[in-house]
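Right, one structure below, let's go through it.
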Amino acid sequence: MRKNALPQRGIVTTDDRKVMVSTMNIQEYIRTHKLITDGAFGTYYADRFQTQDMPELANISFPQRVTAIHQEYIEAGARLLRTNTFASNTILLHADMNEVRTNITAAVNLAKEAVKGREDVFIAGDIGPIPSDEVISREELEEQYYQIARVMLDQGLKILTFETFHELQYILPAIGRIKTEAPDTFIMVEFTVNQFGYSSAGLGVKSLLKDASACKDIDAVGLNCGIGPAHMEKLLGQAGVGISGTKYRIALPNAGYPRRTSSRIRYSNSSEYFAAKVEEMAAQCELDIVGGCCGTTPEFIRQLSQGLDTTPCPPRTAAETSKTEQVVPQRKGFLYDEQGNLKKKKLIAVELAPPMGADDEKVLEAARLLQKSDVDVLTFPDSPSGRTRIDSVLMAEKVRRETGMEVMPHICCRDKNAIAMRSLFLGAYINDITNMLIITGDPVPSLVRQTIKAVFNFDSVGLMKIAQEMNTENFPARPLSYGGAISQGRKNLDVEIMRVKKKMEAGAEFFLTQPVFSKEDAERVRRIKQETGARILCGIMPFVNKRNALFMKNEIAGIIVPDEVIARYPENGTKQEGEAVGVELAREIMEFTADFADGYYFSFPFNRVYLLEQILR
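If you want my numbering, it's the 1-based position in the sequence shown plus 1.
Here is the structure:
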């Protein structure tokens, strides 16, 4: 292995060519030399100065410390410094955007001070994930990423690195704006996954790298943090890893895995082992940019710079082709006939609410009654309104086993992390449950929030992306068929239309609406249909009496019941009179949605499914 021939006095020598680094951009450099970055800042700062303070605060309070660490990495052989700004955002700094700008500006100036007189070192503006946890909206989150990047560009930086991300969606708008305003900006994106190749958002390494590679505005793609060099090499070396041949490849592993000793975090790998594994990975995975993350120090980078073969990777001009044999999927589910073709009829879905207790006989009785009807699928809500009911997947599986009917559990995102969601999909699949309605889900009732917390790690679009990826990786021959919900009553219908489009991009094949009660409701659904082309089953809820209608209007969030509907029910009508009104209303809704609806989604109060026969007569 050739020792690293570090450029002298700003000159890179490759073959017989000499190029001044000072006039070279980073892409020109990588084409002639592998690029070595610095190592960890946060963990090294904590150990170097025996403090638990955020290192980003030192940009203002202890600037000499920041400059000293940068200089140590340069002396160790790093040719790319990342600014001390990983956590420089309003949430982690507990500051407003003006204070964040001040912090970032100081950090950039300290990096410039460290490289003064060195024409052979690049500076990248470092941007880490902003923890939202519903503190700020998605729009605010996307805007803040852009503002952070904008400060860095205004300070003269030409390189930005988005590191330690678990998904791509929140930073893409900022990256697009940056490239529009400053096309020569070099953008690096690095994801963090566990040893098994999954991010905290539940997305696999292959799809993460593939999606980033497909983005024209991203120049370099890879992994950082989370795992040690051996696991990172294995993941990057997997067949069909997904990095386009036109993208530069990055790997910045941790120094092994942390362990706590005497209330301090220590990393297990030695600098010699780390350097040897990264050198091996650089060769095996054809890496262009290498360095270190948590637990690494200037000594790790020194060992790497002394041993790395810096010969550049051969030019890449075309996208990598997957070595995985293409499988033609066999479509199955309530949307399809036995030949795997889409059904040409109006589809009928009926919801059966799992009981709150252990007695499931009424649900099974209702399901058996519907066996004789023209129902395409039975659906089972997932603890609606955040109130405990029998698990929707288990309830669906029992009904499928006892009736042989197509079933579709609702899967909400509440209180389940990515590991639980993947396990759920796998368990449902081996029990022949391949229809899913994926929704974000209701929060727990406000009265119990002091003792019970609703946890949402992602929304319905995020969960659909997990299902989409699993269809490719786990179920290519017979994929899951999943859809989403439509809230046509949303005040801003354009937002709902955008959500429907995003769900379709994430693989949603169909949609169930909230109950439609009026022509106005129907017109809103019609517009969604026209602008998206989605396959839509209109929701129909035949109230059985005035009391039932009033309860749904006043007690259930998300359902809008017009006063005109309530007025149609007699004040003290009989059971038969109330049900007759419900049947009449259902038929009217079917009539004025018939020209665009692909089917109907019935939800009968108190599981009075016998009304379906009367409605469909």
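Where is the CB? At the ideal position from N, CA and C, for every residue including glycine.
Which residues DSSP lists as bridging residue i, in chain order
i      : result
Asn436 : Ser482
Ile539 : Note that residue 539 is Cys in the sequence shown, not Ile. Partner(s): Tyr601.
Pro516 : Gly540
Ala77  : According to DSSP, which records beta bridges pairwise, Ala77 is partnered with nothing at all.
Arg83  : Ala125
Ile487 : Thr514
Met553 : Met553 is not bridged to any residue.
Met189 : Thr162, Ala221
Val291 : Ile37, Ala252
Leu343 : Tyr337
Minimum Cβ-Cβ distance from residue i to chain B less than 8 Å
i      : result
Phe166 : Here there is only one protein chain, and chain B is not present.
Check whether residue i and residue j have beta carbons under 8 Å apart
i      : j      : result
Glu57  : Asn110 : no
Gln331 : Ala478 : yes
Gly559 : Gln615 : no
Leu161 : Phe123 : no
Ala419 : Thr380 : no
Asp126 : Thr86  : Just to set this straight, residue 126 is Gly in the shown sequence, not Asp. Contact: yes.
Ile440 : His411 : yes
Ile37  : Gly78  : yes
Thr193 : Gly238 : no
Cys286 : Glu352 : no
Val462 : Lys503 : yes
Pro254 : Val279 : yes
Phe187 : Lys211 : no
Leu236 : Gly198 : yes
Pro355 : Met282 : no
Tyr602 : Gly540 : yes
Asn555 : Val364 : no
Ala202 : Phe459 : yes
Tyr483 : Met437 : yes
Distance between beta carbons of residue j and residue i, contact taken as under 8 Å
i      : j      : result
Thr84  : Ala112 : 5 Å
Val545 : Met553 : Contact flag wrong, Cβ pair sits at about 11 Å.
Ile529 : Ile498 : 6 Å
Gln72  : Ala115 : 5 Å
Met189 : Ile251 : 6 Å
Val501 : Thr473 : Actually they are not in contact, since the Cβ atoms of Val501 and Thr473 sit about 22 Å apart, beyond 8 Å.
Leu481 : Thr435 : 5 Å
Val400 : Val408 : 6 Å
Glu164 : Glu191 : 4 Å
Where residue i falls: helix, strand or coil (DSSP)
i      : result
Tyr430 : helix
Gln28  : helix
Val526 : helix
Pro446 : Unreliable placement is indicated for Pro446, whose pLDDT of 48 sits below 50; no coordinate value is reported for it.
Ser201 : coil
Arg119 : coil
Met409 : strand
Asn418 : coil
Phe163 : strand
Val20  : Per-residue confidence for Val20 stands at a pLDDT of 34, beneath the threshold of 50, marking its modelled position as unreliable; the derived number appears in the next sentence. Val20: strand per DSSP, three-state reduction.
Pro259 : strand
Met357 : coil
Glu510 : coil
Tyr570 : coil
Gln615 : helix
Leu94  : coil
Leu158 : coil
Arg390 : coil
Asn472 : helix
Asn225 : strand
Glu300 : helix
Leu209 : helix
Leu309 : coil
Lys180 : helix
Ala150 : helix
Asn493 : coil
Extent of the continuous alpha helix (DSSP H) run through residue i
i      : result
Asn110 : 98-116
Ser62  : 59-62
Glu585 : 576-594
Ile172 : Element bounds for Ile172: n/a, residue is neither H nor E.
Ala231 : 230-237
Leu348 : Run containing Leu348: none in the alpha helix (DSSP H); it sits in the beta strand (DSSP E), 348-352.
Ser272 : 272-285
Extent of the continuous beta strand (DSSP E) run through residue i
i      : result
Tyr337 : Run containing Tyr337: none; DSSP gives neither H nor E here.
Ala215 : From DSSP, Ala215 is part of no beta strand (DSSP E); its letter is neither H nor E.
Arg250 : 249-253
Val378 : 378-381
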